[in-house]
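K.L.:
The listed protein sequences correspond, in order, to chains L and E. According to the numbering used here, the first sequence holds residues 11 to 522 in order. According to the numbering used here, the second sequence holds residues 27 to 138 in order.
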Amino acid sequence: MSQLIPLFVIIPLVAAFLIPIIGKFLEGFQKVLTSVAFLSLSVLTVYFICAGTGEPLLYTVGGWEPVRGIPIAIYLVADGLSIFMLAITSVVGFLVSVYSISYLNRFTAQNNFFALLCLMMGGMNGVVLSGDLFNLFVFMEIAVIASYALVAFGIEKQELEASFKYQVLGGIASVLILFGVTMLYWKTKTLNIADAGNILRTSQDKSFVVFTQLFLITGFGLKAALIPFHAWLPDAHSSAPSPISAMLSGVLIKAIGIYAIIRLFFNMFTLSDEMAVTITALGAVSMVLGSFLAMYQWDIKRMLAFSSISQVGYIVTGIGMGMIILARNGDQRVAALAISGGLFHMINHAAFKGLLFLNAGAIEHETHTRNMKSLGGLSRSMPITASTSMGASLAISGVPPFNGFFSKLIIIIAAIQGKFYLLAALAVLISIVTLAYFMKFQKYTFFNRQGARDRKKIKEVPFAMCFSMIVLAVLCLGLSLLIFPGIREVVLDPAVRVIMNASEYAPSITGF
Amino acid sequence: MILYLLCFLLFLIGLYGVITRRNVIKIVIGLVFMEFSVFLLLVLVGYVEGGEAPILDETIVSGPFVDPLPQAMVLTAIVIGLASNAMLLAIAIRLYKKYGTFDIRKINELKG
Chain L
11 MSQLIPLFVI IPLVAAFLIP IIGKFLEGFQ KVLTSVAFLS LSVLTVYFIC AGTGEPLLYT
71 VGGWEPVRGI PIAIYLVADG LSIFMLAITS VVGFLVSVYS ISYLNRFTAQ NNFFALLCLM
131 MGGMNGVVLS GDLFNLFVFM EIAVIASYAL VAFGIEKQEL EASFKYQVLG GIASVLILFG
191 VTMLYWKTKT LNIADAGNIL RTSQDKSFVV FTQLFLITGF GLKAALIPFH AWLPDAHSSA
251 PSPISAMLSG VLIKAIGIYA IIRLFFNMFT LSDEMAVTIT ALGAVSMVLG SFLAMYQWDI
311 KRMLAFSSIS QVGYIVTGIG MGMIILARNG DQRVAALAIS GGLFHMINHA AFKGLLFLNA
371 GAIEHETHTR NMKSLGGLSR SMPITASTSM GASLAISGVP PFNGFFSKLI IIIAAIQGKF
431 YLLAALAVLI SIVTLAYFMK FQKYTFFNRQ GARDRKKIKE VPFAMCFSMI VLAVLCLGLS
491 LLIFPGIREV VLDPAVRVIM NASEYAPSIT GF
Chain E
27 MILYLLCFLL FLIGLYGVIT RRNVIKIVIG LVFMEFSVFL LLVLVGYVEG GEAPILDETI
87 VSGPFVDPLP QAMVLTAIVI GLASNAMLLA IAIRLYKKYG TFDIRKINEL KG
């Protein structure tokens with residue numbers, strides 16, 4: 011079974027390699043291959059989830075065995091958290107690739123689009139699976155360079171400007187992360203996350219660790235677009251083609267930002283109170299400011315991008331609260347609740363934010379505008395888009411029985427039980443603000459008849475686009491089932507267990 | 027020690043360039059400076075005073091060896107840096123074609 015792990019990286023990379031070569035001669039090859047590749051990744055993930063063994067699965071690249079207990083090979087590690095992230099990336103990736111089949115018809119250079127999409131997927135899967143600091147950096151760069159190109163895919167003024175801004179800030183983030191990796195290698199003389207964790211646990215040099223942690227938080231915070239590092243996100247996510255926005259907002263900032271922070275700060279560094287407070291504070295600030303900035307936007311995709319900042323703030327706040335409680339040796343059950351709330355919100359956010367960006371793409375596809383002021387009355391001409399986006403809006407604002415309600419509820423309950431009353435109050439308040447701006451989106455786009463001129467020409471989008479939107483809307487409802495113990499134990503609990511028993515990660519890989 | 031300080035100086039020069047310059051190309055050059063200062067640090071980390079090439083041979087058995095891993099890492103990092111710099115410059119050329127200027131103050135379609 012552990013022999014299957016490299017497939018998660020190999021399949022997208024091979025697809026990315028084949029598409030420009032064969033796609034040149036064979037019409038439609040790129041679309042079919044991408045969808046089939048991502049579907050097979052989804053099937054593999056489901057197999058891994060169902061087979062869930064509890065023990066992390068290891069794959070040593072090249073089969074190099076450890077020498078005197080020191081791991082020298084590149085490790086690919088598939089534990090509960092990695093498989094949970096893989097589930098998000100591959101399912102959203104598959105739906106986005108199906109959606110792109112129709113959406114891309116008005117673009118040229120479709121081969122490049124699908125090749126870059128596969129490359130981005132391979133990079134993200136690599137980040138999630140890598141058990142090695144430097145490979146985490148390399149795979150992260152593969153994913154972000156592909157995303158730089160995809161943001162600029164429209165090659166109009168705005169796209170190019172957004173991509174340039176994204177690249178400058180992303181470049182600085184990469185430099186900071188590489189610097190952090192260098193410092194860690196200097197101190198520990200190893201790149202393996204588990205091995206470095208073992209060495210850092212016994213090291214006495216506190217100031218060095220804090221110094222490195224600050225660089226890594228800044229770097230990965232830039233990638234995850236936490237406020238105050240968010241400046242690139244609204245531009246990049248709103249300028250990219252809509253399926254790519256769904257990938258960036260739904261998956262990329264989680265896989266290379268939040269996942270990396272969780273993995274390094276729980277499983278490698280020993281938990282420290284001040285870092286936990288820093289991370290929670292960043293999350294809380296993002297949660298509050300992101301939603302207030304979203305209120306003032308009239309561009310649909312810009313509003314969704316700011317809302318991504320706010321929702322990522324929820325995730326980071328949930329996980330950060332768990333971190334604080336664990337660092338202070340508080341109640342284990344409350345910490346587990348906070349962390350599971352954060353992870354639950356992560357998978358939910360991938361579903362509803364992906365869906366909302368696909369809706370925005372459908373609206374742009376038919377009306378050629380993203381400005382809410384010039385839209386209106388679309389609920390009659392585009393019933394599927396209207397109903398699915400209504401579902402997603404209710405889910406993101408936390409209305410039962412949609413999934414967003416349950417994850418926010420868990421985070422708020424954990425905040426109250428952990429005595430973070432201010433955070434609990436903020437989470438409730440921001441949920442209401444979120445409802446407000448999504449009501450604005452619904453009203454101006456789908457119901458307001460005043461803006462509706464010559465709306466007769468507008469039809470529902472083609473089948474492939476509808477298919478993805480409907481599946482994601484069903485997921486928005488269906489993911490609330492994760493609240494039930496039987497399903498939660500299979501999907502969510504292995505990931506939570508990896509984070510809760512943070513110090514068991516290193517022994518399970520190096521053997522001591 | 028002086029070498030590490032020079033590395034840091036190079037990093038600061040790059041950062042200064044990225045923050046203060048108005049020209050797109052100069053911003054890219056600043057970023058390249060920052061990248062290469064970290065690459066230099068990476069090479070320095072593997073350097074051992076008086077070390078030899080880490081090749082096991084009958085003649086060389088003792089002696090301190092330099093650490094070969096940072097050298098492999100820095101090569102990979104340079105290749106990645108090449109890809110991202112090529113991407114940046116390609117975007118810069120496209121920007122020039124669309125806006126007719128390299129001045130970052132005039133490239134401001136997006137607000138926020």
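Backbone N, C-alpha and C define an ideal beta-carbon position, used for all residues, glycine too.
Just the Cα atoms here: how many angstroms apart are Q40 (chain L) and M11 (chain L)?
P.N.:
In the first sequence, the residue the question calls residue 40 (chain L) occupies position 30. In the first sequence, the residue the question calls residue 11 (chain L) occupies position 1. Cα to Cα, Q40 (chain L) sits roughly 29 Å from M11 (chain L).
K.L.:
Could you work out which residues of chain L lie near R120 (chain E), taking near to mean beta carbons separated by less than 7 Å?
P.N.:
As a first step, residue 120 (chain E) must be located in the second sequence, where it is residue number 94. Residues of chain L passing the Cβ test: I165, L170.
K.L.:
Output the distance between the C-alpha atoms of L485 (chain L) and P94 (chain E), rounded to the nearest integer angstrom.
P.N.:
Taking the first sequence and counting its residues from 1, one reaches residue 485 (chain L) at position 475. Taking the second sequence and counting its residues from 1, one reaches residue 94 (chain E) at position 68. Going by the C-alpha atoms only, they are around 49 Å apart.
K.L.:
So the candidates are L:F18, L:I59, L:Q321; which of them puts its Cα closest to the Cα of I497 (chain L)?
P.N.:
As a position in the first sequence, residue 497 (chain L) is number 487, starting the count at 1. The residue with the shortest Cα to Cα distance from I497 (chain L) is L:I59.
K.L.:
Just verifying my parser: in three-state terms, what is the DSSP assignment at S255 (chain L)?
P.N.:
Position 245 of the first sequence, counted from the start, is the residue given in the question as residue 255 (chain L). Correct three-state label for S255 (chain L): helix.
K.L.:
Taking the CB atoms as reference points, tell me whether N381 (chain L) and A402 (chain L) lie closer together than 8 Å.
P.N.:
As a working note, residue 381 (chain L) is residue 371 in the first sequence. As a working note, residue 402 (chain L) is residue 392 in the first sequence. No, the pair does not count as a contact, with Cβ atoms beyond the cut-off.
K.L.:
Below 9 Å on C-beta distance, what does I81 (chain E) contact in chain L?
P.N.:
Your numbering for residue 81 (chain E) matches position 55 in the second sequence. Those do not exist, as I81 (chain E) stays about 17 Å from chain L at its closest Cβ, beyond 9 Å.
K.L.:
Do V71 (chain E) and W196 (chain L) come within 8 Å of each other at the CB atom, strictly closer than that value?
P.N.:
As a first step, residue 196 (chain L) must be located in the first sequence, where it is residue number 186. As a first step, residue 71 (chain E) must be located in the second sequence, where it is residue number 45. Yes, the Cβ-Cβ distance between W196 (chain L) and V71 (chain E) is below 8 Å.
K.L.:
Go through its chain and collect everything with a Cβ distance to G141 (chain L)'s Cβ below 6 Å, but skip five positions before and after it.
P.N.:
As a first step, residue 141 (chain L) is located in the first sequence; it is residue number 131 there, counting from the start. Excluding sequence neighbours, G141 (chain L) sits near Y85, V87, I203.
K.L.:
Chain L partners of T102 (chain E), CB-CB under 7 Å?
P.N.:
As a first step, residue 102 (chain E) must be located in the second sequence, where it is residue number 76. Those are V148, listed as they occur along chain L.
K.L.:
Taking 8 Å as the cut-off, decide whether the C-beta atoms of G387 (chain L) and Y454 (chain L) are in contact.
P.N.:
Sequence index remark: in the first sequence, residue 387 (chain L) carries index 377 (1-based). Sequence index remark: in the first sequence, residue 454 (chain L) carries index 444 (1-based). Against a cut-off of 8 Å, the Cβ pair of Y454 (chain L) and G387 (chain L) comes out as no contact.
K.L.:
Using a cut-off of 8 Å between C-beta atoms, extract the partners of V44 (chain E) located in chain L.
P.N.:
The residue given as residue 44 (chain E) occupies position 18 in the second sequence. The answer, in chain order, is V178, I182.
K.L.:
State whether the stretch 270 to 285 of chain L contacts the stretch 155 to 164 of chain L, with contact taken as three or more CB pairs (one from each stretch) at a distance under 8 Å.
P.N.:
Contact fails: fewer than three Cβ-Cβ distances are below 8 Å.
K.L.:
Kindly give me the distance between the Cβ atoms of K311 (chain L) and S248 (chain L), rounded to whole angstroms, as I take these residues to be in contact under 8 Å.
P.N.:
Mapped onto the first sequence, residue 311 (chain L) falls at position 301. Mapped onto the first sequence, residue 248 (chain L) falls at position 238. 4 Å between Cβ atoms; contact.
K.L.:
Within 10 Å of its beta-carbon, does K418 (chain L) have 16 or more other beta-carbons around it, so buried, or fewer, so exposed?
P.N.:
Mapped onto the first sequence, residue 418 (chain L) falls at position 408. K418 (chain L) should be labelled buried.
K.L.:
Between K199 (chain L) and V261 (chain L), what straight-line distance do the alpha-carbon atoms span, to the nearest angstrom?
P.N.:
Position 189 of the first sequence, counted from the first residue, corresponds to residue 199 (chain L). Position 251 of the first sequence, counted from the first residue, corresponds to residue 261 (chain L). Between K199 (chain L) and V261 (chain L), the C-alpha separation is close to 32 Å.
K.L.:
Could you tell me whether the stretch 46 to 54 of chain L touches the stretch 103 to 122 of chain L, where touching means 3 or more Cβ pairs closer than 8 Å?
P.N.:
The stretch 46 to 54 of chain L is in contact with the stretch 103 to 122 of chain L.
K.L.:
Examine the Cβ distances between the stretch 139 to 159 of chain L and the stretch 175 to 192 of chain L and report whether three or more of them are shorter than 8 Å.
P.N.:
In short, these stretches touch, since the Cβ pair count reaches three.
K.L.:
Can you find the residues in the same chain that come closer than 6 Å, C-beta to C-beta, to F94 (chain L), ignoring five residues on each side of it along the sequence?
P.N.:
Taking the first residue of the first sequence as 1, we reach residue 94 (chain L) at position 84. Around F94 (chain L): A505.
K.L.:
Within 8 Å, do at least three Cβ pairs link the stretch 120 to 140 of chain L to the stretch 225 to 232 of chain L?
P.N.:
Because the criterion of three Cβ pairs below 8 Å is not met, the stretch 225 to 232 of chain L and the stretch 120 to 140 of chain L do not touch.
K.L.:
Which value, in whole angstroms, describes the spacing of the CA atoms of T520 (chain L) and M510 (chain L)?
P.N.:
The residue you call residue 520 (chain L) lines up with position 510 of the first sequence. The residue you call residue 510 (chain L) lines up with position 500 of the first sequence. Roughly 19 Å separates the two Cα atoms.
K.L.:
Start and end of the alpha helix (DSSP H) containing A103 (chain E)?
P.N.:
Taking the second sequence and counting its residues from 1, the one referred to as residue 103 (chain E) is at position 77. Here the alpha helix (DSSP H) through A103 (chain E) covers 94 to 125.
K.L.:
By the three-class DSSP mapping on this structure, what secondary structure does A97 (chain L) have?
P.N.:
Along the first sequence, one-based indexing puts residue 97 (chain L) at 87. Note: A97 (chain L) maps to helix in three-state DSSP.
K.L.:
Looking only at its own chain, which residues have a Cβ that is under 6 Å from the Cβ of G132 (chain L), when we skip the five neighbours before and after it?
P.N.:
Within the first sequence, numbered from 1, the residue matching residue 132 (chain L) stands at position 122. Excluding sequence neighbours, G132 (chain L) sits near V19, P22, L23.
K.L.:
Starting from Y69 (chain L), trace the beta strand (DSSP E) both ways and give me its first and last residue.
P.N.:
Within the first sequence, residue 69 (chain L) is the residue found at index 59, counting from 1. First-last of the beta strand (DSSP E) with Y69 (chain L): 67 to 71.
K.L.:
What's the C-alpha gap between R273 (chain L) and G190 (chain L)?
P.N.:
In the first sequence, residue 273 (chain L) corresponds to position 263, counting from 1. In the first sequence, residue 190 (chain L) corresponds to position 180, counting from 1. Distance between the alpha carbons of R273 (chain L) and G190 (chain L) is about 15 Å.
K.L.:
Name the chain L residues that come within less than 7 Å of M27 (chain E), Cβ to Cβ?
P.N.:
Your numbering for residue 27 (chain E) matches position 1 in the second sequence. Per Cβ cutoff of 7 Å: no residues; M27 (chain E) is ~14 Å from chain L at best.
K.L.:
Given that K124 (chain E) touches chain L, what residues does it touch there, using C-beta distances under 7 Å?
P.N.:
Numbered from 1 along the second sequence, position 98 holds the residue referred to as residue 124 (chain E). Within 7 Å Cβ-Cβ: K167, L170.
K.L.:
Pull up the distance between the alpha-carbon of S317 (chain L) and that of T444 (chain L), whole angstroms please.
P.N.:
The residue labelled residue 317 (chain L) in the question sits at position 307 within the first sequence. The residue labelled residue 444 (chain L) in the question sits at position 434 within the first sequence. Between S317 (chain L) and T444 (chain L), the C-alpha separation is close to 8 Å.
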